[in-house]
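J.:
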Amino acid sequence: NLIYKFNPKLIADSKVFVNNGSVLYTGKVKNPEDKIEFTKLAWKVKGVHQVNNELQIIDRSSLKNIARDLASMGEIRARIMSDKFINSLNFSIDVVNDQVYLSGVAADKEEMQLVKNHASNARFIKEVYNYIILNDDTR
516 NLIYKFNPKL
526 IADSKVFVNN
536 GSVLYTGKVK
546 NPEDKIEFTK
556 LAWKVKGVHQ
566 VNNELQIIDR
576 SSLKNIARDL
586 ASMGEIRARI
596 MSDKFINSLN
606 FSIDVVNDQV
616 YLSGVAADKE
626 EMQLVKNHAS
636 NARFIKEVYN
646 YIILNDDTR
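Counting in the numbering used here, the sequence shown runs from 516 upward without gaps.
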């Protein structure tokens, strides 16, 4: 319903699967911004604790940008997964044109800051957008 309110045209080429608070998106979107919006919308729903966004982007950036974004995303994921103070399953990371979009649920402000720090210290990253909410959020 949130996706339909955001943009009804996106529903036709995408599918959403939900199981015990875990959300999986599949299908196609035209641009990276729509893919990021899907992730942000899922994290707004109470009870969601994991988002897997497997939407494929039809309108691609240059190969150089794609390679840099993939390298940055891999580096950020590795840093977060190896940090014993972060529950990496609670966070989604999207990188588009050297900009990181973080979303998910942090246990506290310290965990959120650690995730932001790992993202901002990755290669090629120019800006970090934080959509992480705290576990005590009263949505």
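The beta carbon of each residue, even a glycine, is placed where N, CA and C say it ideally should be. None of the values given here were measured: they were computed from a predicted structure.
1. In terms of alpha-carbon separation, which member of H633, E626, F553 lies closest to N567?
2. Compare the C-alpha of Y644 against each of Y616, M627, Q628 and name the closest.
3. Apart from the five residues on each side of it in sequence, which residues of its chain come closer than 8 Å, Cβ to Cβ, to N602?
4. Please report how far the alpha carbon of K545 lies from the alpha carbon of F600, in whole angstroms.
5. Rounded to the nearest angstrom, how far is the Cβ of E569 from that of L539, given a contact under 8 Å?
T.: Short version:
1. F553
2. Y616
3. A622, E626
4. 36 Å
5. 7 Å
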